[in-house]
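Trainee:
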Amino acid sequence: QVQLVESGGGLVQAGGSLRLSCAASGSIFRVTVINWYRQAPGKQREFVAQISGAGITYYATSVKGRFTISRDNAKNTVYLQMNSLRPEDTAVYYCNLPRVGGDYWGQGTQVTVSS
């Protein structure tokens, strides 16, 4: 069983920055892909960024160049550094660990960007 706990959300003005954290239990965390997703009110959940166990990263076009995903395996934590935030980045952000038997999800952390 893996538990994912997100933190770091909050209210920020457009152009500002936030760093989200996803802390996980379980050794599998260190060797597996971790994703960040987000869901805005009235919209479907959408992919934001991914990091592999080897540190290879991938980003949605909408956040490329503004967001950076990283991981600290010693702390079982994945981070999402979000810079140059826009009002359209407002959403609940979720940490995700995909697996064949059913993905693990965190509870989410709210990010609100004011204009």
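Numbering (my numbering), first residue to last: 159 to 273. All residues carry an ideal CB built from backbone N, CA and C; glycine is no exception. In this text, all values refer to a predicted model and were calculated from it rather than measured experimentally.
1) Going by beta carbon distance, what residues of the same chain come within less than 8 Å of T245, once the five residues before and after it are set aside?
2) Using alpha carbons as the reference points, say which of V170, F187, S228 and G174 lies closest to P256.
3) Report all residues from its chain with a CB closer than 6 Å to the CB of N241; omit the five preceding and five following residues, and keep chain order.
4) Spatial neighbours of V170 within its chain, please: C-beta separation below 8 Å, excluding the five flanking residues on both sides.
5) Let me know the secondary structure DSSP gives V236 once reduced to three states.
6) For V191, which residues of its own chain have a beta-carbon under 8 Å away from its beta-carbon, when the five flanking residues on both sides are left out?
7) Just how far apart, CA to CA, sit T235 and Q197?
Mentor: In brief:
1) Position 87 of the sequence shown, counted from the start, is the residue given in the question as residue 245. The sequence as given places Pro at residue 245; Thr does not occur at that position. Only residues of its own chain outside the window of five on either side were considered, and among them A172, V271, S272 and S273 have a CB closer than 8 Å to the CB of P245, listed in chain order.
2) Within the sequence shown, the letter at position 98 stands for residue 256. Taking only the C-alpha atoms, the option nearest P256 is F187.
3) By one-based count along the sequence shown, residue 241 stands at place 83. Excluding residues within five positions, the ones whose Cβ falls inside 6 Å are S175 and R224.
4) Position 12 of the sequence shown, counted from the start, is the residue given in the question as residue 170. L176, L243, V269, T270, V271 and S272, listed in sequence order.
5) Your numbering for residue 236 matches position 78 in the sequence shown. If DSSP states are grouped into helix, strand and coil, V236 belongs with the strands.
6) Start at 1 with the first residue of the sequence shown, and residue 191 comes out as number 33. Only Q208, I209, S210, G211, L255 and P256 meet the Cβ criterion.
7) Here residue 235 refers to the residue found at position 77 of the sequence shown. Here residue 197 refers to the residue found at position 39 of the sequence shown. About 21 Å.
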